[in-house]
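Letter by letter, the sequence shown follows residues 1 to 290 of full-length UniProt numbering.
Beta carbons are placed, not taken as given, at the ideal position from N, Cα and C, and that holds for glycine.
Since the structure comes first, as structure tokens, the remarks are kept for the end.
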Amino acid sequence: MTHVKAGLIQLGLKGNTDMSPKEISDLMIEAHIPYIEEAGRQGVQVLSFQEVFNQPYFCPSQDAKWYAAAEKVPDGPTVNLMKEYARKYNMVIVVPIYEEEKTGIYYNTAAVIDADGTYLGKYRKTHIPQVAGFWEKFFFRPGNSGWPVFETAYCKLGVYICYDRHFPEGWRALALNGAEYIVNPSATVKGVSQYLWELEQPASAVANGVYIGATNRVGTEAPWNIGEFYGSSYIVNPRGELIAQASEDQDELVVADMDMGMIREIRNNWQFFRDRRPETYRPLADDSVS
């Protein structure tokens, strides 16, 4: 396909963190549905939500209450509902969600649903931070899914999640596995990361000759108040140019037309893949190297 229309949805938290995970999930899904429907009306072909889209970003806490937010993938209620919307609008949907593999084993996961409602597979967040305000290892096991690329109806799709974006190896692995468009669902707040937000992903798009869609939530989330989620969701082309961007502080659907022919054009021009020297990089995989 020569052109693919991509969409990203960014939302603030609905309800409050005194509610149960089920109550919050119901409110967040209810809030997403009008944006999903608007994406369908606009002809969006690949749609992605923000990280753990139907919950608060609960990782500033270390409260076992939030384990109840985890669902089975692909057979949980949220993924099953999104299969219906994918079929309704003939739209690929990336569903970032808290996954329960079994009791006590939980992952930060994104399910990928094809345009006919078929579940294609999942990506589990590989790199898990453990720093003040982001106690993710309390909630998430490091991902074990490798670097899957999903053959969707419209493009070859990869997923990288939030903190992953700071690690160039995964972007490269996804591109080498055939990804043309990579989405990065995130939950990131103002401070140092806001500068990096518009630096790392355009640089990765250029280095790998891919489109990248980066989506972030908006607002603040009490009682943790670790900072303001600054939205600014965007889609960047293989030249590193932002071709669509949302506001910093509003619930929003951002849509962009991706000219997939640009991928071949850019890769043929720069030839980064040809000029790689993987035989010289092997020591980088040795964790004794300093």
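task = Kindly indicate which residue of T17, W135 and T188 has the alpha-carbon position closest to the one of P56.
result = T17
task = Return the chain-ordered list of same chain residues with a C-beta closer than 6 Å to the C-beta of A246, the five sequence neighbours on each side being excluded.
result = Cβ-Cβ distances below 6 Å link A246 to Q10, G231, S233, E252 and V254 in the same chain, with the five nearest sequence neighbours on each side left out; the list follows chain order.
message = Buried or exposed, going by whether 16 or more other CB atoms sit within 10 Å of the CB of residue 297?
response = Here the chain has residues from 1 to 290 only, and residue 297 is not among them.
inquiry  = In this structure, how does DSSP classify A207 when only helix, strand and coil are distinguished?
reply    = helix
query = Closest to D116 by CA distance: which of K65, E84 and E228 is it?
reply = E84
Whole-number beta carbon distance between K88 and Q45, since they are thought to touch under 8 Å = Incorrect: roughly 13 Å between the Cβ atoms, too far for contact.
key: Endpoints, the beta strand (DSSP E) within which N237 is located   = Counting along the chain, N237 falls outside any beta strand (DSSP E), and DSSP gives it neither H nor E.
inquiry  = Using CA atoms only, rank isn't needed, just tell me which of K156, K122, F139 and Q130 is closest to G146.
reply    = K122
ask   = Based on the DSSP output, what are the partners of E71 in its beta bridges?
value = In the DSSP assignment, E71 is bridged to E99.
request  = Please list, in chain order, all residues of the same chain as G219 whose beta carbon is under 8 Å from its beta carbon, the five residues on each side excluded.
outcome  = G12, L13, E228, F229 and D249
message = Against chain D, with Cβ distances strictly below 9 Å, would R172 count as a contact?
response = In the displayed structure, chain D is absent; only one protein chain is listed.
task = Using only alpha-carbon positions, find the residue among E71, L176, M258 and A86 that is nearest to F273.
result = Ranking E71, L176, M258 and A86 by Cα distance to F273 puts L176 first.
message = Counting beta carbon pairs with one atom in the segment 97-104 and one in the segment 170-185, are three or more of them shorter than 8 Å?
response = Two segments are said to touch when three or more pairs of C-beta atoms, one from each, lie closer than 8 Å; by this definition the segment 170-185 does not touch the segment 97-104.
request  = Whole angstroms is fine: what's the gap from P142's alpha carbon to F150's?
outcome  = 21 Å
ask   = Which of the three DSSP states, helix, strand or coil, is assigned to N90?
value = coil
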